[in-house]
Amino acid sequence: MEHIAALLFVVSCSQDLSGCREIPAPTPLFEVFEDCQAELPKAIGILAPQYPRILAKCLEVDPALEDDYNQLTWNVLPNGTLDASLSVTSVIAASEPAQPGEAYLH
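Residue numbers (the UniProt record's numbering): 1 to 106.
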């Protein structure tokens, strides 16, 4: 099984950065972080004719956690920099007690 070491994350924005949205990368997943970095300028070149302003970033993926990442957080800063990160968040679910007076957390 191949492991993921990096994710190419791409955002398209209006020229004044007032509106931005995620767009699909031509090749989004990489086994080696450096391969993602090398592909980044090519991806921008491919997407640039279709979108007014492209911002992209390679996000490092810990292969031990690749199936656990469940949150991608991103923001475009006023200076035009893309800030993005992957994270693992814990989820606690409460359920009805099986017996009166018992409580369970999963």
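By construction, the Cβ of each residue, glycine as well, lies at the ideal position given by its N, Cα and C atoms. Quantities reported herein were computed from a predicted structural model and do not represent experimental measurements.
Neighbourhood of residue i by C-beta distance below 8 angstroms, restricted to the same chain and skipping five residues each side
i	result
residue 163	Because residue 163 is not part of the residues shown, which for the chain are 1 to 106, the question remains open.
Phe30	Ile4, Ala5, Ala6, Leu7, Leu8, Cys36, Glu39, Cys58
Ser85	Leu59, Leu72, Thr73, Trp74
Gly19	Cys13
Ala48	Ile54
Leu65	Val88
Residues of its chain near residue i, where Cβ-Cβ distance is below 7 angstroms and the 5 sequence neighbours each way are ignored
i	result
Met1	Confidence at Met1 is low in this model, with a pLDDT of 41, below 50, so its placement is unreliable and the value that follows should be read with caution. Excluding residues within five positions, none has a Cβ falling inside 7 angstroms.
Gln15	Pro52, Arg53
Ile44	Ile54, Ala56
Asn70	Val88, Thr89
Per DSSP, the bridge partner or partners of residue i
i	result
Thr73	Ser85
Ser12	Arg21, Ile54
Ala6	Phe30, Glu60
Option in the options with minimal Cα separation from residue i
i	options	result
Glu34	Gln71, Leu86, Leu65, Glu60	Glu60
Pro28	Gly19, Cys20, Lys42	Lys42
Nearest-angstrom Cβ-Cβ length linking residue i and residue j, presumed shorter than 8 angstroms
i	j	result
Val11	Leu72	Contact flag wrong, Cβ pair sits at about 11 angstroms.
Trp74	Asp62	With a Cβ gap of about 18 angstroms, Trp74 and Asp62 do not count as contacting.
Ile46	Pro26	5 angstroms
Same chain only: Cβ atoms within 6 angstroms of residue i, ignoring 5 sequence neighbours per side
i	result
Glu68	A small correction: the amino acid at residue 68 is Asp; Glu does not occupy that position in the sequence shown. Answer for Asp68: Val88, listed in chain order.
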